[in-house]
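Chains as they are written, first to last, in this note's numbering: chain A, 1006 to 1263; chain B, 1006 to 1263. Here is the structure we will look at, set down as structure tokens.
Protein chains: 2
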Amino acid sequence: MEMLNIVKIGGSIANNEQKLTPFLNEFVTLDHPKLLVHGGGSAASKLCENLDIPIRMVDGRRITDEPALDVAVMVYAGLINKNIVARLQGIDCNAIGLSGADLNIIPAQKRNHPSINYGFVGDISADSIDSYFIRRLLEEQAVPVFSAITHDNNGQLLNTNADTIASVLAIAMSSSYSCKLTYCFEKNGVLEDRHDEKSWIPKIDRQDYADLQKRKIISEGMIPKLETAFDALQNGVKYAYIKHADELNSTIGTELTL
Amino acid sequence: MEMLNIVKIGGSIANNEQKLTPFLNEFVTLDHPKLLVHGGGSAASKLCENLDIPIRMVDGRRITDEPALDVAVMVYAGLINKNIVARLQGIDCNAIGLSGADLNIIPAQKRNHPSINYGFVGDISADSIDSYFIRRLLEEQAVPVFSAITHDNNGQLLNTNADTIASVLAIAMSSSYSCKLTYCFEKNGVLEDRHDEKSWIPKIDRQDYADLQKRKIISEGMIPKLETAFDALQNGVKYAYIKHADELNSTIGTELTL
């Protein structure tokens, strides 16, 4: 099967011109077919602050009420997504920005939690992804760029975790492609010592992951990346990496294996 | 040639749930192929106000500086566009939201005016539109929904007039389809007496237009619609209408002819 590159960047790269430019220059050199998924957390928080929209938390979890959803849609699906698309077009990469509502590619379920009302948060699964148009776009040499906005198929937009979107898209595409999932962030991979960029661990399997967690080497923010990456590997995705956004084409980084 | 419906709605409809819902219910009943173009002016002005971004005017013309462009991208390409897409998906219409940067469909020229610096405003022409992907999407039964954001092909997003986008798209699509361009707004058409909704003029040609202008029957806001509609008719578009957003399928409205 043909290889498909699925790359995810977080908001701290997507929102920062100094970091975004070198990343996109690396990204365009990857072989086609490829697709990009981006987050955007910090810019949305900043806009909420500027608009005096309080960030609502329940039991330590962030709640997406209606004003917070509008901000997420504006920042993720609007500002960040279209800026990345224009940048890619400027370096001869035929990008198309998509949310999960577009072409009904990523329908989601509004989260139904027994005690916490998370608000407009969408949970997704690989089964419900409609990969037809992604394949058609890739066949036409287009490069889909996904923001982490989905919909409930009943007119309501929803906010979804970008790591999960990347993983679930990779699983869904695995029936047609040999998928390589790469989470890019600002470190050289999973670090043995978080203050030493040279301490990246080349390979981590499930057992190593459990050991690293016991030793408290794995930071809070890393857990969803590792969990969704292992989930992807268990469900048909061929390769999974955690890498620095500038090192997409180098051997620096952590490979995850089952 | 097959008929293509190109419908444009202004921000006052796109931003107002009470007006948007009946419009979209009408829109979905139109025969395929069809596409939608939307504006969004008032919501962007409101967000600028809430963010204390001053609205800059030079010689009575609005200037799109960087903060104003960011707001336009967030509101037009993000909030309004994705909301319309989700709404359409909710009523079984396979919508895809696009800006002019996506798939490089609408490249623009940053406006170069001898005395006024309009900022990030993009001027467009039918020649530069790449209609290939629009045709492919229409053939796949998808319904493109365009926001009025374009790009300069060099990484920069630009703000473009939505009436112009609708007209220029219609001209570009006229080589493949028999195009019907409809501007929807909140009146029953061009009114003989602006206080009487029943006074809509069924047909206006260039000569009538000149006469109506002399008699000061044509309001400020109507001029760009009429100008771009006549321009469309002169450049291959088959039909052009100005109608009420609720009367898309009725005989009420003004037809423009050369």
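Glycine is no exception: its CB is placed at the ideal position from the N, C-alpha and C atoms.
Handout entry: Length-filtered (4 minimum) alpha helix (DSSP H) runs lying within the stretch 1222–1251 of chain B
Key = Segments of the alpha helix (DSSP H) lying fully in the stretch 1222–1251 of chain B: 1227–1239.
Problem - Limits of the beta strand (DSSP E) - the one that Lys-1039/A falls within - result: Residues 1039–1043.
Problem - Any C-beta of chain B under 7 Å from that of Arg-1140/A - result: No - not a single Cβ of chain B is within 7 Å of the one on Arg-1140/A.
Practice task
Please determine if the stretch 1131–1149 of chain A and the stretch 1039–1057 of chain A are in contact, where contact requires at least 3 C-beta pairs separated by less than 8 Å.
Solution key: Pairwise C-beta distances place the stretch 1131–1149 of chain A in contact with the stretch 1039–1057 of chain A, as three or more of them are shorter than 8 Å.
Practice task
Just the C-alpha distance for Asp-1198/B and Ser-1224/B, rounded to the nearest angstrom, thanks.
Solution key: Linking Asp-1198/B to Ser-1224/B through their CA atoms gives a straight-line distance of about 11 Å.
Exercise for the section: Tell me whether the beta-carbon of Ala-1091/B lies closer than 7 Å to the beta-carbon of Ala-1237/A. Expected result: Contact flag unset, no.
Handout entry: C-alpha distance - Glu-1202/A paired with His-1249/A, whole-angstrom precision
Key = Approximately 10 Å between the Cα atoms of the pair.
Problem - Where Leu-1263/A falls: helix, strand or coil (DSSP) - result: Of the three classes helix, strand and coil, the one that applies to Leu-1263/A here is coil, per DSSP.
Handout entry: Supposed close pair Ile-1093/A, Leu-1196/A - CB separation, criterion 8 Å
Key = The question names Ile, yet the displayed sequence has Leu at residue 1093/A. Rounded to the nearest angstrom, the Cβ distance from Leu-1093/A to Leu-1196/A is 30 Å, too far for a contact under 8 Å.
Handout entry: Euclidean distance between Cα positions of Val-1173/B and Pro-1027/A
Key = Their backbone Cα atoms lie some 35 Å apart in a straight line.
Handout entry: Close beta carbons around Arg-1211/A, own chain, < 8 Å, minus the five adjacent residues each side
Key = These residues qualify, in order along the chain: Phe-1235, Leu-1263.
Handout entry: Bridge partners - Ile-1209/B, DSSP secondary structure assignment
Key = Partner(s): Leu-1261/B.
Problem - Selection from Asp-1135/B, Ala-1082/B, Asn-1099/B, Ser-1050/B that minimises the alpha carbon distance to Asn-1159/A - result: Comparing Cα-Cα distances from Asn-1159/A to each of Asp-1135/B, Ala-1082/B, Asn-1099/B, Ser-1050/B, the minimum goes to Asn-1099/B.
Handout entry: Residues of its chain near Met-1006/A, where Cβ-Cβ distance is below 8 Å and the 5 sequence neighbours each way are ignored
Key = Its chain contains Ser-1181, Tyr-1182, Ser-1183 as the residues whose beta carbon lies nearer than 8 Å to that of Met-1006/A, once the 5 sequence neighbours on both sides are disregarded; these appear in chain order.
Problem - Residue-chain proximity (Leu-1162/A, chain B), Cβ-Cβ < 7 Å - result: The C-beta of Leu-1162/A comes closer than 7 Å to at least one C-beta of chain B.
Practice task
For Met-996/A, return the contacting residues in chain B, with the cut-off set at a CB-CB distance below 9 Å.
Solution key: Limits of chain A in this structure are 1006 at one end and 1263 at the other, which puts residue 996/A out of reach.
Practice task
With 7 Å as the threshold, decide whether the Cβ of Ala-1106/B is near any Cβ in chain A.
Solution key: Yes, Ala-1106/B lies at the interface with chain A (some Cβ there is under 7 Å from its Cβ).
Problem - DSSP-derived helix/strand/coil call for Cys-1264/B - result: No statement about residue 1264/B is possible, as the shown extent of chain B runs from 1006 to 1263 and does not include it.
Handout entry: Check whether Leu-1103/A and Val-1080/A have beta carbons under 7 Å apart
Key = In terms of Cβ geometry, Leu-1103/A and Val-1080/A do not form a close pair [threshold 7 Å].
Handout entry: Three CB pairs or more closer than 8 Å across the stretch 1125–1141 of chain A and the stretch 1111–1128 of chain B
Key = They do not touch, by the three-pair rule.
Exercise for the section: Note down the Cα distance separating Ile-1058/A from Tyr-1188/B, rounded to an integer number of angstroms. Expected result: Pairing Ile-1058/A with Tyr-1188/B, the inter-Cα distance amounts to about 36 Å.
Problem - Within-7 Å CB hit, Val-1012/A to chain B - result: Output row for Val-1012/A: interface = no.
Practice task
Could you tell me the boundaries of the alpha helix (DSSP H) in which Met-1178/A lies?
Solution key: Counting along the chain, the alpha helix (DSSP H) containing Met-1178/A begins and ends at 1167–1178.
Problem - Euclidean distance between Cα positions of Ile-1121/B and Gln-1114/B - result: Roughly 15 Å separates the two Cα atoms.
Practice task
Note down, in chain order, each residue of its chain lying with its Cβ closer than 6 Å to the Cβ of Val-1076/A, except the 5 sequence neighbours on either side.
Solution key: Cβ neighbours of Val-1076/A beyond the five flanking positions: Ala-1049, Leu-1052, Cys-1053.
Practice task
Go ahead and pull the three-state DSSP assignment for Cys-1053/A.
Solution key: Three-state result, Cys-1053/A: helix.
Handout entry: Closest residue to Ser-1255/A among Ile-1222/A, Leu-1035/A, Asp-1213/A (Cα-Cα distance)
Key = Ranking the options by Cα distance to Ser-1255/A, first place goes to Leu-1035/A.
Practice task
Go ahead and pull the three-state DSSP assignment for Leu-1162/A.
Solution key: In this structure, Leu-1162/A counts as strand in the three-state DSSP scheme.
Handout entry: Cut-off 6 Å between Cβ atoms - residues of its own chain near Asn-1010/A, not counting five sequence neighbours on either side
Key = Correct list, in chain order: Leu-1035, Lys-1039, Lys-1185.
Practice task
Ignoring anything shorter than 4 residues or poking outside the stretch 1063–1087 of chain A, list the alpha helix (DSSP H) runs there in chain order.
Solution key: Segments of the alpha helix (DSSP H) lying fully in the stretch 1063–1087 of chain A: 1071–1077.
Practice task
Please decide whether Ala-1082/A counts as near chain B, where near means a Cβ-Cβ distance under 7 Å.
Solution key: Interface annotation, Ala-1082/A: in contact with chain B, CB-CB separation under 7 Å.
Exercise for the section: For Gly-1065/A, count neighbouring Cβ atoms within 10 angstroms of its own Cβ and tell me buried if that reaches 16, exposed if not. Expected result: Answer is exposed; the Cβ neighbour count stays below 16.
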